[in-house]
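Residue numbers (the working numbering): 1 to 627. Input: a single structure, listed below in structure tokens.
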Amino acid sequence: MKINIKNTITLLLAINVLLPFANGQNKFSNKENQKIWEAKDRNDVIYTYQVLKKGSNTEKQIALKGLMSWNDPQFRKILIKIVKKKNLALKKASLKAIGQTKDSFYISYLLKIINKNKYNKIRPEALIALGKCITISQSEKLLDIKKTNTSGYTECLYRALLNGVCLPQFTDTMVRNLSSYDEQNKFYAAWYLSRTKFTLTSKNIEPVLNFLEINTENELAIPLVIAIAKSKVLKVDSLRIRKILINNSKSKNVAIKISAVKAMHISKYHFDDELINKTYEQNDLPQLQVAISDLIVNNCNNYNKYKALDYQPALVNIISNQKCKNTIKLAETGTIYDKIWYLKTIEKDINKYPEIQNILLQSTNPALKAAATESLIKCANNKGFPATLNDDFIETLLLLVKDGDEGVLSTIAIALVEKQIIRQTNYNLKEFIDLFTDAMTELILPRQIETYTDIVKALSFLKDTIYTKPVAEWNTAIDWKYVEKISESQKIEITTNKGKFTITLNVNEAPGSVSAILKLVDEGYYDNKYFHRLVPNFVIQGGCPRGDGYGSLDYTLRSEFSDLKYSTGTVGLASSGPNTESCQWFVTHCNTPHLDGRYTIIGYVTDGFETVQRLGVGDKIISVKKK
């Protein structure tokens, strides 16, 4: 029997590549794949360029995936060259990398291939890349695209919108796409309508109202109720909108219910207090407590329930009311998060300035101190704040900058840039400049890169100079021996005071991030940490060593963006910009497509999502274990 040597070698090579996956090992068990990813991590242009030019198709795929987190103009020509090659998978991967660059250099080329029939197989990817790269000055070029195939066009407009590119005509386009047979078109149309500044009007809202009335319990209601709440419509339409919002507030789907409650607040329509209270009492999820707090006026007996870290509870005008005594008592004897919530309830009352200042100056807890700083600034920005207290306010802030707490420094720096501190009083800018400059020299990098960045921005503002964002330099290598041992379906189980949930990690998409998180799990780092951030229908976040989001560890990770989507239960790494990830992670409550390609995805919640929905600020991570 004659043996075909060439075919035999090909078969053996294929077996060699596939064998590691047979027992659950990940694709980075392969040494060559490690080298390619390491080159991405260290921004090694020469090595990566050679892989893209001469590597195998598999190696090129990995290099292209790496370029989704790494924008360097030196790759412009070769990325375009790959799109022109025959391999369809590589063409698509190259277009995804191009989109992630958001580089306007590619616009003319993308428009060229989008309007040619021979590129139909990659047209959706080219359209999405165009949406990410398009600029405001070239927005009208999106109108010239041939509409023979709408696949990808809707997402193109959505991605463009996230860059601030939108036109009034696009709103009508998205309304029409709600009736598309393509589920992806409907998905991006709905999310577009929830975010565009060109809101729905009486001329184009009818199809949206019909959709919501017919498609009950459809998750597209999550963005669409926000869209109709923002609309500018006639009275007859507003009555329908009000009815739709009420119906959705009774939904069995938690995300739809919360979105309807948020839409009620946005719409400014009047809703019966009895309805609001009933909606709350039927579901005690922290998400719902937070969302509905904006709608509560005066008739709820248990104000203590309506607490939130990121949302203003409706206690501003009644904080001295007899009904609030229990709330105040809890703030005095409860947890740090109860105290932070209490600060949020009084920061709109100018008479509470001395009390907030007293809490701030006496506190030794960093999370409480940062929160009190924010509340003091907000209190001083209230209408009617006494001018006689302006100097005291500024002196307090200067004293805090001298103290050098990273959370406090960031809070003051951000407030300066947002012009919350510059008032009618004339304070000495040089004092702030000198103190912030001194504070920068005391910061430890890369651990305090977020605060460092905030101060650089504040100094640019104070000096009236051009702001250049600091770059997080490479500072820690991936432990490839550790990565090799990670199963491609590795799970971790998080036990909290509200129950358990399981995360299935994706080492094939983010080897550096997943391995770093698993090492922290091995060390027991996450045990007894708290969830410090809750935004309804968005995220629950934890893992901060300080407990307020300003903390980090002594290293940063390199971003590992991918084409994975932020759907319900996605687990991502928190960051303050590219390559600043560390130990904090978040879980999404529902689809959040605006996060796609912007935050590293390390996995998905695959069991116990009902526990995630029950989590709120101050809830505790009891333990995290490998499963």
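For glycine and all other residues, C-beta sits at the position ideal for the given N, C-alpha and C. All values derive from a computational prediction rather than experimental measurement.
Under 9 Å between C-beta atoms of residue i and residue j
i, j, result
"Ala458", "Leu518", "no"
"Thr588", "Phe538", "yes"
"Gly55", "Glu488", "no"
"Gly131", "Leu143", "no"
"Tyr158", "Gly618", "no"
"Lys232", "Thr201", "yes"
"Val225", "Ile256", "yes"
"Gly512", "Ile478", "yes"
"Val261", "Ile292", "yes"
"Phe198", "Pro168", "yes"
"Pro578", "Ala439", "no"
"Lys96", "Ile82", "no"
"Leu127", "Glu155", "yes"
"Leu376", "Gln362", "no"
"Val571", "Phe28", "no"
"Ile78", "Ala129", "no"
"Thr196", "Ser251", "no"
Length of the line joining the Cα atoms of residue i and residue j
i, j, result
"Ser623", "Phe170", "48 Å"
"Tyr188", "Thr592", "11 Å"
"Gln448", "Val514", "22 Å"
"Val521", "Arg546", "18 Å"
"Asn64", "Tyr119", "For the sequence presented, residue 64 should be read as Leu rather than Asn. Going by the C-alpha atoms only, they are around 20 Å apart."
"Ser249", "Ala372", "34 Å"
"Arg123", "Asn117", "9 Å"
"Asn30", "Ile46", "21 Å"
"Asp596", "Leu162", "11 Å"
"Thr150", "Gly551", "45 Å"
"Ala227", "Leu209", "10 Å"
"Tyr353", "Leu343", "10 Å"
"Thr48", "Gln613", "42 Å"
"Gln34", "Leu435", "45 Å"
"Ala190", "Ile503", "28 Å"
"Pro313", "Phe385", "Residue confidence is low: Pro313 scores 41 on pLDDT, short of 50, so the model does not pin down where it sits. Its coordinate-derived value is still stated next. Computed Cα separation, rounded: 21 Å."
"Lys339", "Pro223", "33 Å"
"Ile107", "Cys133", "7 Å"
"Lys402", "Thr606", "46 Å"
"Thr101", "Tyr109", "14 Å"
"Ile114", "Lys186", "21 Å"
"Ser576", "Tyr452", "11 Å"
Where residue i falls: helix, strand or coil (DSSP)
i, result
"Gln613", "helix"
"Trp191", "helix"
"Val605", "strand"
"Lys232", "strand"
"Phe393", "helix"
"Val521", "helix"
"Val507", "coil"
"Ser238", "helix"
"Lys348", "coil"
"Ala221", "helix"
"Asn304", "Here the model assigns Asn304 a pLDDT of 44, short of 50, so the residue's position is not dependable, and the following value carries that caveat. Here Asn304 sits in helix by DSSP."
"Thr216", "coil"
"Gly66", "helix"
"Ile621", "strand"
"Gln25", "strand"
"Ser487", "strand"
"Leu553", "coil"
"Gly499", "strand"
"Thr201", "strand"
"Glu581", "strand"
Start and end residues, beta strand (DSSP E) containing residue i
i, result
"Glu493", "491-496"
"Phe531", "529-535"
"Gln541", "539-542"
"Phe586", "585-588"
"Thr570", "570-573"
Anticipated Cβ contact below 8 Å, residue i with residue j, distance rounded
i, j, result
"Leu397", "Ile412", "6 Å"
"Ala510", "Ile602", "5 Å"
"Glu560", "Ser94", "Wrong, their Cβ atoms sit about 18 Å apart, outside the cutoff."
"Leu615", "Ile540", "5 Å"
"Pro446", "Thr556", "4 Å"
"Tyr526", "Gly543", "6 Å"
Residue range of the unbroken alpha helix (DSSP H) whose run includes residue i
i, result
"Lys430", "429-442"
"Ser108", "107-114"
"Trp37", "31-41"
"Thr171", "168-177"
"Phe385", "Phe385 -> no alpha helix (DSSP H), and no H or E assigned at all."
"Gln138", "From DSSP, Gln138 is part of no alpha helix (DSSP H); its letter is neither H nor E."
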